[in-house]
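Following: one structure in structure tokens, then a few remarks.
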Amino acid sequence: MALTSLLPTEPASRGPKDSFRPGCKGLKPGSEIRSSPGNSGCWKLDLSHPVYPSQHHPFADTGSPQLFPVSLQRPPEMSPFGGWGTLTAFLALLCCQGSGGKAFEGPEHLMVGSGEFQVINCTASCTDPKSLVLETHLNKTLLESQAQWKLFQVYNISKDEHLVCSSICAGKQETKVFNITVFYPPKQVLLTLSHTSVAVGTLFTIECRVPAVAPLEGLTVTLLRGTEILYNQTFVGTAPFPQDAVVTHNTTAHREDGLHNFSCEAWMDLRSRGGGLVHRVSDPQRLEVKEPEPSNQMVIMATVIVLLLLFVTFVLLYWYKQRRRSNT
Numbered sequence: 001m002a003l004t005s006l007l008p009t010e011p012a013s014r015g016p017k018d019s020f021r022p023g024c025k026g027l028k029p030g031s032e033i034r035s036s037p038g039n040s041g042c043w044k045l046d047l048s049h050p051v052y053p054s055q056h057h058p059f060a061d062t063g064s065p066q067l068f069p070v071s072l073q074r075p076p077e078m079s080p081f082g083g084w085g086t087l088t089a090f091l092a093l094l095c096c097q098g099s100g101g102k103a104f105e106g107p108e109h110l111m112v113g114s115g116e117f118q119v120i121n122c123t124a125s126c127t128d129p130k131s132l133v134l135e136t137h138l139n140k141t142l143l144e145s146q147a148q149w150k151l152f153q154v155y156n157i158s159k160d161e162h163l164v165c166s167s168i169c170a171g172k173q174e175t176k177v178f179n180i181t182v183f184y185p186p187k188q189v190l191l192t193l194s195h196t197s198v199a200v201g202t203l204f205t206i207e208c209r210v211p212a213v214a215p216l217e218g219l220t221v222t223l224l225r226g227t228e229i230l231y232n233q234t235f236v237g238t239a240p241f242p243q244d245a246v247v248t249h250n251t252t253a254h255r256e257d258g259l260h261n262f263s264c265e266a267w268m269d270l271r272s273r274g275g276g277l278v279h280r281v282s283d284p285q286r287l288e289v290k291e292p293e294p295s296n297q298m299v300i301m302a303t304v305i306v307l308l309l310l311f312v313t314f315v316l317l318y319w320y321k322q323r324r325r326s327n328t
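Right, here's the structure in full:
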């Protein structure tokens with residue numbers, strides 16, 4: 001018996017070679033994904049269509065964090081799992097094609113955002129299992145089922161969990177354990193400039209704060225001036241509890257700094273641990289750059305020099321007048 005887990009993906013528009021067919025007729029096994037209940041039809045997927053995040057898949061904004069391990073393109077209104085992409089349904093049903101063969105197996109380690117849900121597909125290795133259950137103390141809902149598989153949605157995952165899918169085939173119990181690790185994605189990226197107005201040549205500080213994130217391992221914070229990278233820092237640490245990630249950078253103001261926005265990006269890369277890639281961007285900040293003003297010391301020195309010149313001039317005039325009188 002095998003169990004697959006399906007990761008959430010962003011809904012997107014359908015690819016140019018996908019097509020919807022009523023009744024799901026004339027398609028080879030494994031190439032169809034049934035639509036949501038109430039819609040009699042299926043999507044025919046072009047599996048050769050390239051799958052990758054692009055500018056049409058906005059992964060940098062100030063909205064909710066984006067998760068995109070992969071994403072097949074499909075209209076959101078046709079997705080049977082709401083915000084879950086076509087990949088979710090595709091993996092859920094692909095493992096159930098055929099009979100008696102080895103079921104499709106997904107990763108054993110999953111990453112789930114704190115308080116989020118996870119879709120789990122329990123699949124037995126036989127076509128008619130006596131029992132097929134998902135063992136967990138968490139709230140769960142049966143989304144769909146057939147004789148050989150059941151699709152569950154597990155809710156409100158707030159801490160690390162172990163999910164067990166159990167089935168009985170030919171009198172033998174088979175189990176599959178999935179280890180779920182909860183992570184805290186960057187929900188805010190806060191950029192602060194120590195000064196909003198500085199003179200050319202003045203030192204100022206840029207601070208970027210990403211509150212309550214975990215794990216820090218895999219988190220990269222980048223400071224930008226326009227599209228130019230000013231500073232980049234990748235964090236280390238595997239503490240399971242959320243903590244603030246703070247990056248500071250000291251730099252000198254240049255005239256061209258006033259022509260660009262300053263911003264901060266946070267990337268959390270969990271792909272090596274069974275998760276996805278989360279991207280978050282701060283609101284832009286503007287810096288006013290002025291020409292340098294004379295310092296107080298320079299003003300004092302200039303005043304002293306002027307007074308000395310006036311004094312010398314007065315002495316010379318007095319000496320000149322005295323000399324003329326003596327000559328007459």
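Going by UniProt numbering, the sequence shown opens with residue 1, and the numbers climb by one from there.
Where a beta carbon is used, it is the ideal one built from N, C-alpha and C, also for glycine.
All of these numbers come straight from a predicted model, not from anything done at the bench.
Query, Result
"For G144 versus L151, is the C-beta distance shorter than 7 Å?", "Per the sequence shown, residue 144 should be read as Glu rather than Gly. Result yes, Cβ atoms of E144 and L151 sit closer than 7 Å."
"What three-state label does DSSP hand V189 in the structure shown?", "coil"
"Out of S166, E108 and S158, which has the shortest C-alpha to C-alpha gap to T123?", "S166"
"When burial is assigned at 16 or more other CB atoms within 10 Å of the CB, is I305 buried or exposed?", "exposed"
"To which residues of the same chain is Q188 closer than 6 Å at the C-beta, ignoring the five residues directly before and after it?", "P211"
"When burial is assigned at 16 or more other CB atoms within 10 Å of the CB, is K176 buried or exposed?", "buried"
"Within 10 angstroms of its Cβ, does R324 collect 16 or more other Cβ (buried), or is it exposed?", "exposed"
"Buried or exposed, going by whether 16 or more other CB atoms sit within 10 Å of the CB of E265?", "buried"
"Starting from Y318 and walking both ways along the alpha helix (DSSP H), at which residues does that stretch end?", "N296 to N327"
"Which stretch, first to last residue, makes up the beta strand (DSSP E) that contains V210?", "L203 to V213"
"Between the beta-carbon of V246 and the beta-carbon of Q233, is there less than 7 Å?", "no"
"Whole angstroms is fine: what's the gap from I300's alpha carbon to L219's?", "51 Å"
"Just how far apart, CA to CA, sit C169 and L134?", "15 Å"
"In this structure, does DSSP put G113 in helix, strand or coil?", "strand"
"What does residue 369 pair with, by DSSP beta-bridge criteria?", "Summary: the structure shown does not reach residue 369, with the chain confined to residues 1 through 328, and so no result is reported for it."
"Where do the N-terminal and C-terminal ends of the beta strand (DSSP E) with D269 fall, by residue?", "N261 to D269"
"Spatial neighbours of Q153 within its chain, please: CB distance less than 7 Å, with the 5 preceding and 5 following residues excluded, ordered by chain position.", "F117, V119, K140, T141 and L143"
"Quick check on T9: does DSSP put it in helix, strand or coil?", "Bear in mind that a pLDDT of 37 at T9, under 50, signals an unreliable position, so the model cannot answer this."
"May I ask you to report which of helix, strand or coil DSSP gives S272?", "helix"
"Identify, in the order they occur along the chain, each residue of the same chain with its Cβ nearer than 8 Å to the Cβ of E273, setting aside the five sequence neighbours on each side.", "Here residue 273 turns out to be Arg, not Glu, going by the sequence shown. So the list reads H109, M111, T181 and G218, once near-sequence residues are dropped."
"Please state if the CB of P242 and the CB of Y184 are separated by a distance shorter than 7 Å.", "yes"
"Could you pull out every residue in the same chain whose Cβ sits closer than 8 Å to the Cβ of G200, ignoring the five residues on either side in sequence?", "In the sequence under discussion, the amino acid at residue 200 is Val, which differs from the Gly named in the question. Cβ neighbours of V200 beyond the five flanking positions: A253, H254, R255, V289, K290, E291 and P292."
"Using the Cβ count rule (16 or more neighbours within 10 Å means buried), how would you classify A214?", "buried"
"Go ahead and pull the three-state DSSP assignment for D257.", "helix"
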